[in-house]
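Peer 1: So the sequence lines, in the order shown, correspond to chains X and G.
End of the first sequence sits at 378 in our numbering; the numbers just go up one at a time, nothing left out.
End of the second sequence sits at 1378 in our numbering; the numbers just go up one at a time, nothing left out.
No residue lacks a Cβ here, since even glycine has one placed at the ideal position from N, Cα and C.
What you are looking at is a predicted structure, and each value in this text was computed from that prediction instead of being measured.
Here's a structure for you.
2 protein chains.
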Amino acid sequence: MPAIPATMRQLQSLVTPDGELRLSVETVDTPRPSERDVLVRVDAAPVNPSDLSLLLAMADVSQAVATASIDGRTLTAPIPAPAMGTLAARIGKAMPVGNEGAGLVVAAGESPEAQALLGRTVGFAGAATYGEYCVASPRMCLPLPEGATADDGASSFVNPLTALGMVETMKREGHTGLVHTAAASNLGQMLNRVCLADGVPLVNIVRRPEQAALLREQGAMHVCDSSEPTFDADLVDALRHTRATLAFDAIGGGQLASQILNSMEAAIVSPEAPYSRYGSDVHKQVYVYGALDPRPIELRRRFGFAWGVGGWLLTPFLARTSAEDLQRLRQRVADELITTFASHYTDQISLGQTLDLTTLQRYARQATGQKFLLRPQR
Amino acid sequence: MPAIPATMRQLQSLVTPDGELRLSVETVDTPRPSERDVLVRVDAAPVNPSDLSLLLAMADVSQAVATASIDGRTLTAPIPAPAMGTLAARIGKAMPVGNEGAGLVVAAGESPEAQALLGRTVGFAGAATYGEYCVASPRMCLPLPEGATADDGASSFVNPLTALGMVETMKREGHTGLVHTAAASNLGQMLNRVCLADGVPLVNIVRRPEQAALLREQGAMHVCDSSEPTFDADLVDALRHTRATLAFDAIGGGQLASQILNSMEAAIVSPEAPYSRYGSDVHKQVYVYGALDPRPIELRRRFGFAWGVGGWLLTPFLARTSAEDLQRLRQRVADELITTFASHYTDQISLGQTLDLTTLQRYARQATGQKFLLRPQR
Chain X
1 MPAIPATMRQ
11 LQSLVTPDGE
21 LRLSVETVDT
31 PRPSERDVLV
41 RVDAAPVNPS
51 DLSLLLAMAD
61 VSQAVATASI
71 DGRTLTAPIP
81 APAMGTLAAR
91 IGKAMPVGNE
101 GAGLVVAAGE
111 SPEAQALLGR
121 TVGFAGAATY
131 GEYCVASPRM
141 CLPLPEGATA
151 DDGASSFVNP
161 LTALGMVETM
171 KREGHTGLVH
181 TAAASNLGQM
191 LNRVCLADGV
201 PLVNIVRRPE
211 QAALLREQGA
221 MHVCDSSEPT
231 FDADLVDALR
241 HTRATLAFDA
251 IGGGQLASQI
261 LNSMEAAIVS
271 PEAPYSRYGS
281 DVHKQVYVYG
291 ALDPRPIELR
301 RRFGFAWGVG
311 GWLLTPFLAR
321 TSAEDLQRLR
331 QRVADELITT
341 FASHYTDQIS
351 LGQTLDLTTL
361 QRYARQATGQ
371 KFLLRPQR
Chain G
1001 MPAIPATMRQ
1011 LQSLVTPDGE
1021 LRLSVETVDT
1031 PRPSERDVLV
1041 RVDAAPVNPS
1051 DLSLLLAMAD
1061 VSQAVATASI
1071 DGRTLTAPIP
1081 APAMGTLAAR
1091 IGKAMPVGNE
1101 GAGLVVAAGE
1111 SPEAQALLGR
1121 TVGFAGAATY
1131 GEYCVASPRM
1141 CLPLPEGATA
1151 DDGASSFVNP
1161 LTALGMVETM
1171 KREGHTGLVH
1181 TAAASNLGQM
1191 LNRVCLADGV
1201 PLVNIVRRPE
1211 QAALLREQGA
1221 MHVCDSSEPT
1231 FDADLVDALR
1241 HTRATLAFDA
1251 IGGGQLASQI
1261 LNSMEAAIVS
1271 PEAPYSRYGS
1281 DVHKQVYVYG
1291 ALDPRPIELR
1301 RRFGFAWGVG
1311 GWLLTPFLAR
1321 TSAEDLQRLR
1331 QRVADELITT
1341 FASHYTDQIS
1351 LGQTLDLTTL
1361 QRYARQATGQ
1371 KFLLRPQR
């Protein structure tokens, strides 16, 4: 087992009381795993939208400035005043960043679950994967199959289990088809592959023609592009074909959730049906799992009373999942790691490069088709 | 048993293709109950907000005009153009009106459940109680206790079972306290009495000082008046005291649902708690059961990811309720008919008087403290 240094480097994000974001790579004590946990040497970690929201704290990165000091480089950027209200609880507290990654388990607590992982390369979810080492719970680790590298497993936890969690939720709640927004994302492409393999009808909603083309090339049957003039009718038509009554929405602002519910209702109620001011009795649900659009969610109710909109996150879903079901989902990810659940990266960066101004402005864009992999050991 | 005439009078609401509402009292064949149903001679029926939404079809009653014809009086009023889209399915179809009432069961189908009600005075829910006779399902009938009149039972179904249904839903979904908007309504006063009797913490949200005073006189412990400058802080404070995490909202437009969720989250998360961009893991729920405000629902998300907003209606709730539980709820309504579940009426009107211009404009106002009782036999 490689030696574990007493200190390590870690990317940290700090919001100051006067509305400034400060990013820096700090030297901190290497954490020690408790009895039930393991310590992972982080070899690779993806940069996902959910990481960026914590890392960047809604700062205006177009105005970011790099400052060199005796301790190394610091990157600062102004945070718009309206955003500061929601950040109150983190002001003045430097926070580690990074939700998942992969690497070698170099130390483990005494528990059998932890010991079983010692020396294995795992994909894992944690709260501080943008550092050289990170503590993880065995429940949040996925031992990679023989021959798989940390690169293969860097994105093996959050997106694969989220995609499978969406399909599981659909089944548990009695729906038979899905709608997904921001559907050309890395997660969206995985979900499309899972649904194609499992015969689950899926309506993919995207915002640009090239995203629609990408999904169609990957075999997607129903793709609706909100930039097309025919979007409204296309969506109702796709919902008529799929009978999908459950949507997962990464956007979470504006009128899209409302439009999905209204289109579901329009697809359910025949034009010849007698008038009911209470709408159909078919339950229509949108789960919001992201916040790509920071505006309020606006619900224009033309969808009767059998509806719901709510939050959805992977961690509470996993907490509601039995050990047996969780093992089944993890096994599938391991089995299909380099097929269904493969991720592709366009850029690889070191911890230090996260503070490079041009690099930051590129990964902050969250452009479709562009994906960064962080290599904390470099 | 009184003789049943071959024809009867019934209030009807018609939306014309050119955007006009027409109300009239029509003579129609008296319906016959099927094998499983009963026929009720409607002696009393309340005018509730849910009745008015079907009756008035969002028409501008301030511009209503009464016309006398050979067949009797017709009342017409213009419907604003934006509302017509949602009314498409009812254009050209004259609709009966009235969701509940009380009266004598004068005929019954062959089924034992129907026969058991023959000759009884019942409160009941139906789709056409604003007429001299109405068919009802025994499941939607509440036989009134000895000595109770049709007036006592006119509002014994919808509001009492809705109030009890809210408390049942709270228990089924694991909450321990309630929030109610438009809380000074007839329903709200009932819910307040139920919660006081059952020891359920209840936050009453009202819109005017006199409504707050009314509820406080009736023993309400937590009343928050949205017209007060201290409303925001009052609401968080009441939620801290009650730990209520489930709201029933009759308003259904604007930012109130969002404010309730944000205030619940503020009451749950201690100011000293570490920052989490995912919010607390305590599920916060708002069920929308009305539409007093026709604007879109605007959700400003400061409440994390453990939340839901959805529709709630009495009929689907009853469909999800076991026969045993339903019997328990109905028995309670019967036992407490003239106490907990008493309704008070300020005005009594005949079928013909529903078409009186001044009367219409009064009952259309839905003013708190004012409640109309229709007497179809007059």
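Shorter than 8 angstroms from the beta carbon of Ser-53 (chain X) to some beta carbon of chain C?
Peer 2: This model lacks chain C altogether; the protein chains it does include are X and G.
Peer 1: For the beta strand (DSSP E) containing Ile-1349 (chain G), list its first residue and its last residue.
Peer 2: Here residue 1349 (chain G) refers to the residue found at position 349 when the second sequence is read from its first residue. Note, Ile-1349 (chain G): beta strand (DSSP E), 1347-1349.
Peer 1: Taking 8 angstroms as the threshold (C-beta atoms), are Thr-129 (chain X) and Asn-389 (chain X) in contact?
Peer 2: Residue numbering for chain X in the displayed model covers 1 to 378; residue 389 (chain X) lies beyond these limits and cannot be assessed.
Peer 1: Considering only residues of the stretch 1269-1329 of chain G, which uninterrupted beta strand (DSSP E) runs meet the minimum length of 3 residues and lie entirely inside it, listed in chain order?
Peer 2: 1284-1288, 1297-1299, 1307-1311
Peer 1: Any beta-carbon of chain X closer than 8 angstroms to the one on Thr-1169 (chain G)?
Peer 2: Translated into positions along the second sequence, residue 1169 (chain G) becomes position 169. So, not an interface residue.
Peer 1: Kindly list, in the order they appear in chain X, the residues whose Cβ is closer than 8 angstroms to that of Val-1309 (chain G).
Peer 2: Residue mapping note: residue 1309 (chain G) aligns to position 309 of the second sequence, counting from 1. Within 8 angstroms Cβ-Cβ: Leu-299, Gly-308, Val-309, Gly-310.
Peer 1: In this structure, does DSSP put His-1175 (chain G) in helix, strand or coil?
Peer 2: Here residue 1175 (chain G) refers to the residue found at position 175 when the second sequence is read from its first residue. Reduced to three states, the DSSP call for His-1175 (chain G) is coil.
Peer 1: Check whether the Cβ atoms of Arg-300 (chain X) and Ser-258 (chain X) sit closer than 8 angstroms, and answer yes or no.
Peer 2: Along the first sequence, one-based indexing puts residue 300 (chain X) at 300. Along the first sequence, one-based indexing puts residue 258 (chain X) at 258. Cβ atoms of Arg-300 (chain X) and Ser-258 (chain X): closer than 8 angstroms.
Peer 1: Listing by chain order, which chain X residues have their CB less than 7 angstroms from the CB of Asp-1281 (chain G)?
Peer 2: For this step, residue 1281 (chain G) is matched to residue 281 along the second sequence. The contacting residues are Pro-316.
Peer 1: Could you tell me which residues DSSP pairs with Pro-1046 (chain G) in its beta bridges?
Peer 2: Within the second sequence, residue 1046 (chain G) is the residue found at index 46, counting from 1. Paired residue(s): G:Leu-1373.
Peer 1: Name the residue from X:Ala-342, X:Val-25, X:Gln-327, X:Leu-87 whose alpha carbon lies nearest to the alpha carbon of Pro-138 (chain X).
Peer 2: Here the question's residue 138 (chain X) lines up with position 138 in the first sequence. Across the set X:Ala-342, X:Val-25, X:Gln-327, X:Leu-87, the C-alpha of X:Gln-327 shows the shortest separation from the C-alpha of Pro-138 (chain X).
Peer 1: Taking all protein chains shown into account, decide if Thr-16 (chain X) is buried (16 or more other Cβ within 10 angstroms of its Cβ) or exposed.
Peer 2: Reading the first sequence from its first residue, position 16 is the one you call residue 16 (chain X). Answer is exposed; the Cβ neighbour count stays below 16.
Peer 1: Ends of the alpha helix (DSSP H) at Gly-1153 (chain G)?
Peer 2: Here the question's residue 1153 (chain G) lines up with position 153 in the second sequence. First-last of the alpha helix (DSSP H) with Gly-1153 (chain G): 1150-1153.
Peer 1: So with CB distances below 8 angstroms, who are the chain G contacts of Gly-304 (chain X)?
Peer 2: By one-based count along the first sequence, residue 304 (chain X) stands at place 304. Per Cβ cutoff of 8 angstroms: Gly-1311.
Peer 1: The beta strand (DSSP E) with Leu-1087 (chain G) in it runs from where to where?
Peer 2: Residue numbering aside, residue 1087 (chain G) sits at position 87 when the second sequence is read from its first letter. No residue range can be given for Leu-1087 (chain G), since it is assigned to no beta strand (DSSP E) and is classified by DSSP as neither H nor E.
Peer 1: What are the residues in the stretch 1081-1105 of chain G lying within 9 angstroms of chain X by C-beta distance?
Peer 2: Gly-1085, Thr-1086, Leu-1087, Ala-1088, Ala-1089, Arg-1090, Ile-1091, Lys-1093, Met-1095
Peer 1: Going along chain X in order, which residues have a C-beta closer than 8 angstroms to the C-beta of Ala-1291 (chain G)?
Peer 2: The residue you call residue 1291 (chain G) lines up with position 291 of the second sequence. The answer, in chain order, is Arg-301.
Peer 1: How is the beta strand (DSSP E) around Arg-1022 (chain G) delimited, first residue to last?
Peer 2: One-based indexing of the second sequence puts residue 1022 (chain G) at position 22. 1020-1029 is the extent of the beta strand (DSSP E) around Arg-1022 (chain G).
Peer 1: Excluding sequence positions up to five away, which residues of its chain have a Cβ less than 7 angstroms from the Cβ of Ala-184 (chain X)?
Peer 2: Taking the first residue of the first sequence as 1, we reach residue 184 (chain X) at position 184. The answer, listed in chain order, is Val-206, Gln-211, Leu-214, Leu-215, Thr-368.
Peer 1: Could you check if Ala-1125 (chain G) is buried or exposed, using at least 16 other CB atoms within 10 Å of its CB as the buried criterion?
Peer 2: Position 125 of the second sequence, counted from the first residue, corresponds to residue 1125 (chain G). Buried, by the Cβ-count rule.
Peer 1: Count the other CB atoms within 10 Å of the CB of Met-1001 (chain G); is the residue buried (16 or more) or exposed (fewer)?
Peer 2: In the second sequence, the residue the question calls residue 1001 (chain G) occupies position 1. Met-1001 (chain G) is exposed by the Cβ-count criterion.
Peer 1: Expressed to the nearest angstrom, what Euclidean distance is found between the alpha-carbon atoms of Val-47 (chain X) and Asp-29 (chain X)?
Peer 2: In the first sequence, residue 47 (chain X) corresponds to position 47, counting from 1. In the first sequence, residue 29 (chain X) corresponds to position 29, counting from 1. Each residue's alpha carbon lies about 24 angstroms from the other.
Peer 1: Looking at chain X, is there any beta carbon in it that lies within less than 8 angstroms of the beta carbon of Arg-1277 (chain G)?
Peer 2: The sequence position of residue 1277 (chain G) within the second sequence is 277, counting from 1. Yes, Arg-1277 (chain G) counts as interfacial toward chain X.
Peer 1: Hey, does Pro-376 (chain X) have any beta-carbon neighbour from chain G nearer than 8 angstroms?
Peer 2: Within the first sequence, the letter at position 376 stands for residue 376 (chain X). No, because no Cβ of chain G sits closer than 8 angstroms to the Cβ of Pro-376 (chain X).
Peer 1: Could you check where the beta strand (DSSP E) with Met-8 (chain X) kicks off and where it finishes?
Peer 2: Taking the first sequence and counting its residues from 1, the one referred to as residue 8 (chain X) is at position 8. Taken as a continuous stretch (DSSP letters only), the beta strand (DSSP E) holding Met-8 (chain X) covers 7-15.
Peer 1: Look at the alpha carbon of Ser-1050 (chain G) and the alpha carbon of Ala-1154 (chain G), and state the distance between them as a whole number of angstroms.
Peer 2: In the second sequence, counting from the first residue as 1, residue 1050 (chain G) sits at position 50. In the second sequence, counting from the first residue as 1, residue 1154 (chain G) sits at position 154. CA-to-CA, the gap between Ser-1050 (chain G) and Ala-1154 (chain G) works out to about 15 angstroms.
Peer 1: On the DSSP bridge list, what partners appear for Ile-205 (chain X)?
Peer 2: Here residue 205 (chain X) refers to the residue found at position 205 when the first sequence is read from its first residue. BP columns for Ile-205 (chain X) point to X:Thr-181, X:Cys-224.
Peer 1: Could you tell me if Ser-1270 (chain G) is buried or exposed, where buried requires 16 or more neighbouring beta carbons within 10 angstroms of its beta carbon?
Peer 2: Residue mapping note: residue 1270 (chain G) aligns to position 270 of the second sequence, counting from 1. Ser-1270 (chain G) is exposed by the Cβ-count criterion.
Peer 1: Closest to Gln-285 (chain X) by CA distance: which of X:Pro-31, X:Val-42, X:His-180 is it?
Peer 2: In the first sequence, the residue the question calls residue 285 (chain X) occupies position 285. Out of X:Pro-31, X:Val-42, X:His-180, X:His-180 has the C-alpha closest to the C-alpha of Gln-285 (chain X).
Peer 1: List the whole-angstrom C-beta distance separating Cys-132 (chain X) from Val-42 (chain X), where the pair is believed to meet the contact cut-off of C-beta under 8 angstroms.
Peer 2: One-based indexing of the first sequence puts residue 132 (chain X) at position 132. One-based indexing of the first sequence puts residue 42 (chain X) at position 42. This sequence places Glu at residue 132 (chain X); Cys is not what is there. Sure, about 6 angstroms apart at Cβ, within 8 angstroms.
Peer 1: Kindly list, in the order they appear in chain G, the residues whose Cβ is closer than 8 angstroms to that of Ala-273 (chain X).
Peer 2: The sequence position of residue 273 (chain X) within the first sequence is 273, counting from 1. Chain G residues near Ala-273 (chain X): Ala-1089.
Peer 1: Using the beta-carbon count (16 or more within 10 Å), is His-1222 (chain G) buried or exposed?
Peer 2: What you label residue 1222 (chain G) is simply residue 222 of the second sequence in a count that begins at 1. The residue is buried, with at least 16 neighbouring Cβ atoms inside 10 Å.
Peer 1: Please state whether the Cβ-Cβ distance between Cys-1141 (chain G) and Val-1122 (chain G) is less than 8 angstroms.
Peer 2: Numbered from its first residue, the second sequence carries residue 1141 (chain G) at position 141. Numbered from its first residue, the second sequence carries residue 1122 (chain G) at position 122. It is a contact, given that the beta carbons lie within the stated cut-off.
Peer 1: Which of the three DSSP states is assigned to Tyr-1130 (chain G) in this structure?
Peer 2: As a first step, residue 1130 (chain G) is located in the second sequence; it is residue number 130 there, counting from the start. Note: Tyr-1130 (chain G) maps to coil in three-state DSSP.
Peer 1: Taking C-beta pairs closer than 8 angstroms, name the residues in chain G that Gly-252 (chain X) reaches, listed in chain order.
Peer 2: For the purposes of this step, residue 252 (chain X) is taken as residue 252 along the first sequence, with counting starting at 1. Those are Arg-1301, listed as they occur along chain G.
Peer 1: Tell me, please, whether the CB atom of Pro-31 (chain X) is closer than 8 angstroms to any CB atom in chain G?
Peer 2: Residue 31 (chain X) sits at position 31 when you count from the first residue of the first sequence. False, the Cβ-Cβ gap to chain G never drops below 8 angstroms.
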